[in-house]
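Engineer: Sharing a structure below in structure tokens format, with a few things to ask.
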Amino acid sequence: MSVPPETIDALIACPRCDTLHRSHALAETERAACARCGTLLITPRTRSFLHVVALSFTAMILMVAAVFFPFLGISSHGLSHESSVFEAAMAFSDGWLAPLSLAVLLAIVLLPVARFAALIYTLWPLSNGRPPYRHAALAFRFAEELQPWSMAEIFVIGTGVALVKVAGLAEISFGPAFWAFCTLIVVTVLKTAFMSKWTIWEAIGR
Numbered sequence: 002m003s004v005p006p007e008t009i010d011a012l013i014a015c016p017r018c019d020t021l022h023r024s025h026a027l028a029e030t031e032r033a034a035c036a037r038c039g040t041l042l043i044t045p046r047t048r049s050f051l052h053v054v055a056l057s058f059t060a061m062i063l064m065v066a067a068v069f070f071p072f073l074g075i076s077s078h079g080l081s082h083e084s085s086v087f088e089a090a091m092a093f094s095d096g097w098l099a100p101l102s103l104a105v106l107l108a109i110v111l112l113p114v115a116r117f118a119a120l121i122y123t124l125w126p127l128s129n130g131r132p133p134y135r136h137a138a139l140a141f142r143f144a145e146e147l148q149p150w151s152m153a154e155i156f157v158i159g160t161g162v163a164l165v166k167v168a169g170l171a172e173i174s175f176g177p178a179f180w181a182f183c184t185l186i187v188v189t190v191l192k193t194a195f196m197s198k199w200t201i202w203e204a205i206g207r
């Protein structure tokens, strides 16, 4: 039995238990939860497009500072050295370790920047009340596919664990890039809190 496309477009699956629901337009203060497990499915945030765009711009600026400014300074026995994330990645750019350098830059820098750019491309016209750009649906789907591969937050957590082990061997100072990464995590969390995937897909479809 064939199902009309408009019926398929109105269905939404619970990310936890895969129960299918029929979606419908909700008011700004309404919420939709899964009938089986209670997982929140829809949180309309039509007015938040501009917030997501502004936070994405902020995240891209912070990413530039986090990559090229000094990240850490280490001093021991009168010797000191400061290094940025870019310099640390380039340290592996020679010989057979070159793929490792590329993987570090890709996961920490390029993928998050590409995701922020895709979100800006998708939401900029919607935040100004204009029709979406061409291929906006493809750009937003691309941004969603990149989310699990953006490792900037994991990088900061891993750095914190490494610092605990190194702290007893040398004196460590945090550079501006470290604080830029920390601020970037906060901005990313706020962006995620403001963003409603269902609202964005609905706006693109209209």
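FYI, the numbering for the sequence shown is 2 to 207, going by my numbering.
Built from N, CA and C at the ideal position, the CB exists for glycine as well.
#1: To the nearest angstrom, report how far apart F93 and G79 are at their CA atoms.
#2: Could you check how far apart the C-beta atoms of L216 and A204 are, in whole angstroms? I think they sit under 8 Å.
#3: Which residues bound the alpha helix (DSSP H) around R23?
#4: Going along the chain, which unbroken runs of the alpha helix (DSSP H) with 4 or more residues stay wholly within the stretch 161-206?
#5: Pull up the CB-CB distance for M61 and F143, whole angstroms please, since I reckon it's below 8 Å.
#6: Enumerate in chain order the residues of its own chain whose CB-to-CB distance from L12 is below 8 Å, with the five nearest sequence positions on each side excluded.
#7: What does the alpha-carbon distance come out to for the pair V162 and S76?
#8: Measuring alpha carbon to alpha carbon, tell me which residue in D19, A137, T160, G39 is nearest I109.
#9: Per the DSSP calculation, S77 is bridged to which residue(s)?
Structural biologist: If we stick to the structure as given:
#1: 26 Å
#2: No statement about residue 216 is possible, as the shown extent of the chain runs from 2 to 207 and does not include it.
#3: Here R23 belongs to no alpha helix (DSSP H); instead the beta strand (DSSP E) covers 21-23.
#4: 177-195, 198-206
#5: Contact doesn't hold; Cβ gap of about 16 Å is too wide.
#6: L21, H22, R23, S24
#7: 19 Å
#8: T160
#9: L80
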